[in-house]
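Numbering-wise (the numbering used here), the sequence shown opens with residue 309 and increments by one. Since the structure comes first, as C-alpha cells, the remarks are kept for the end.
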Amino acid sequence: EELCGPNGLGFTYVSVGDSVSRPIVDKLGTVIGCIAPPPSEDWTDQINEQAIAALERERSGKEEEAMKTKKNKRSKKKFGLLFKPEEEVHRRGHYLVKADRLSGGGGQATIKRIYHSNRNEAGLNRLRHEQCFIRVAGHMSAVFAYWSLGLSTDTSADYLYPDLQVFDFQKFKPVSGHFSQPDTVEKLRGNDPSLVFNFPNSIFACATYNFGPETITMTHLDYLNYIAGWCGITNFGRFDYRKGGHFVLWDLKLVLEFPPGWTILIPSAYLRHSNTAIGPNETRYSFTQYTVGAIFRYVED
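Put into C-alpha cells, the structure is as follows:
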C-alpha cells in the first residue's frame, strides 16, 4: 500500500498472472531484464523443497555419526557452514549469506576462486552437487540467453527452458561490438583451464546462497557486478507471494510478485532493488548468479 496504494509513491504493481515469461523494458522499449516462471508446477514444488532442505541443512549444521576404523569407536563429525559476522549482518540485510565464485579486483593480479576453509568448502561443494541448484543454474542461464539480446544472440524459443547439462558457448555466440558475457567467460576459460566454475551448465561465474531464514533485502545496488550484465535471482521458501516477498525495482517504480521457484534477471549494478517483508512464521531463501565486473576488465585487458 505504501508503494502502490492510492496514497502511495506511484509504483505499478505487477501480478504474475498466467505462468509466462515477461521482459522488463525501459521507456525506449529496450529489454533490460525479465521475470520467468519455472518450467512446470511439479518442477517448482520439487526444486523449491529440495533447495529449502539443502540450505537449512548447511545453515544449521548437524552432527553425523561416523565409525572410526582403527579403534572401532563412534565419533561425531560436524557438517554445515560457518559464517563470519559480515555474512550475518550486511548492507543487503540481516540474513545469512555465502558467496561461491571466481573473484577479481581488489589488487588481485589474476582471477581466482574465493578462499574458503575446508569445512565451508565441503559444505559449498555439497550445494554445488545438489540437483536442485544444478537445474536452477541451467534454467537461469537459458532464460538469460533468451531475453538478454545484446549480451547473447540466441533467441530461439527452444532454448528458453532446457534442462541444461552443459552451457553451449557455440550456440550462444556474442553480438559483434558488444561486451558479451558468453564470449568473455569462454575467453577466461580458454586462458586458464584450471579455473573451476560452480556449474557446467551456467554462463555465470559467481553464485551466492542466501540462507535466510527470512531473506529480505534492503534497497541496494550490486556495484561490483558488470554494469551491463544481468544478475539472476531464484526465489525459494514457504510464504504467500501475494502478501509479501515482492521484488521492488525502485528506479522503474515497479513492484513484482515473486513466487517461490520463479526467476528474475536484472542489471543489478545500476537498478536499485529490494524485497518486501514476509509474514510471521514464513520463510524465504534465494539463490543468485552473476559475473563481477573485474572478470570482464581482466579478459579485455
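Glycine included, each C-beta is placed from N, C-alpha and C at the ideal position.
Subject >> Those residues which DSSP pairs with residue 341 across a bridge >> reply: 332
Original post:
In three-state DSSP terms, what is residue 324?
Top reply: coil
**OP:** Determine the direct distance from the alpha carbon of residue 360 to that of residue 533, and round the result to whole angstroms.
**Re:** 26 Å
**OP:** Give a yes or no on whether the C-beta atoms belonging to residue 511 and residue 452 are separated by under 8 Å.
**Re:** Yes.
Original post:
Hey, residue 545 and residue 584 are a contact pair by Cβ (cut 8 Å); roughly how many whole angstroms apart?
Top reply: Wrong, their Cβ atoms sit about 13 Å apart, outside the cutoff.
**OP:** Can you tell me which of 597, 573, 549 and 426 puts its alpha carbon nearest to the alpha carbon of residue 591?
**Re:** Comparing Cα-Cα distances from residue 591 to each of 597, 573, 549 and 426, the minimum goes to 549.
Original post:
Can you tell me the Cα-Cα spacing of residue 490 and residue 609, whole angstroms?
Top reply: 17 Å
**OP:** Ignore the nearest five residues each way along the sequence and tell me which others in residue 537's own chain have a CB closer than 8 Å to its CB.
**Re:** Excluding five sequence positions before and after residue 537, the CB atoms of its chain that fall closer than 8 Å to its own CB belong to 459, 489, 575, 577, 598, 599, 601 and 604, given in chain order.
Subject >> Cα-Cα separation, residue 278 to residue 502 >> reply: The chain is shown only over 309 to 609; residue 278 falls outside these bounds and no answer can be derived.
Original post:
How many Å lie between residue 564 and residue 321 at the Cα?
Top reply: 6 Å
Original post:
How about residue 355 and residue 342: are their beta carbons less than 8 Å apart?
Top reply: For the pair residue 355 and residue 342, the CB atoms are not nearer than the 8 Å cut-off.
Subject >> Close-in-space but distant-in-sequence residues of the same chain around residue 561 (CB under 7 Å, 5 per side omitted) >> reply: 318, 319 and 320
**OP:** Helix, strand or coil for residue 374, going by three-state DSSP, please let me know.
**Re:** Confidence at residue 374 is low in this model, with a pLDDT of 44, below 50, so the placement of that residue should be treated as unreliable; the coordinate-derived value is given next. Residue 374 falls in the strand class under three-state DSSP.
Original post:
Helix or strand or just coil, what does DSSP make of residue 539?
Top reply: Taken through DSSP and simplified to helix, strand or coil, residue 539 comes out as strand.
Original post:
Terminal residues of the continuous beta strand (DSSP E) containing residue 687?
Top reply: Residue 687 falls outside the range modelled here, since the chain spans only 309 to 609, and no answer is possible.
Subject >> Under 8 Å between C-beta atoms of residue 593 and residue 390 >> reply: no
Original post:
Is residue 500 buried or exposed, if buried means 16 or more other CB atoms sit within 10 Å of its CB?
Top reply: exposed
Subject >> Backbone secondary structure at residue 515 - three-state DSSP >> reply: strand
Subject >> Enclosing alpha helix (DSSP H) for residue 451 [first to last residue] >> reply: In the DSSP assignment, residue 451 falls within the unbroken alpha helix (DSSP H) covering 439-455.
Subject >> Of the listed residues 412, 541, 340 and 587, nearest to residue 441 (C-alpha basis) >> reply: 541
Subject >> Beta-carbon proximity check, residue 586 vs residue 535, cutoff 8 Å >> reply: Cβ atoms of residue 586 and residue 535: not closer than 8 Å.
Original post:
Which stretch, first to last residue, makes up the alpha helix (DSSP H) that contains residue 606?
Top reply: Element bounds for residue 606: 601-608.
Original post:
Given a threshold of 16 other Cβ atoms within 10 Å of its Cβ, counted over all protein chains shown, does residue 336 qualify as buried or as exposed?
Top reply: By the neighbour-count rule (16 or more Cβ atoms within 10 Å), residue 336 is not buried but exposed.
Subject >> Residue from 330, 419 and 432 whose Cα sits closest to the Cα of residue 369 >> reply: 432
Subject >> Assigned secondary structure, residue 585 (DSSP; H/G/I helix, E/B strand, else coil) >> reply: coil
Original post:
If you run the structure through DSSP and keep just helix, strand and coil, what is residue 520?
Top reply: strand
**OP:** Could you tell me whether any Cβ in chain C is nearer than 8 Å to the Cβ of residue 454?
**Re:** Among the protein chains of the structure shown there is no chain C, as only one such chain exists.
Subject >> Per-residue burial, residue 328 [other beta carbons within 10 Å of its own, 16 or more giving buried] >> reply: exposed
**OP:** Assign residue 348 to one of three DSSP states: helix, strand, or coil.
**Re:** coil
Original post:
Do the CB positions of residue 516 and residue 580 come within less than 8 Å of each other?
Top reply: no
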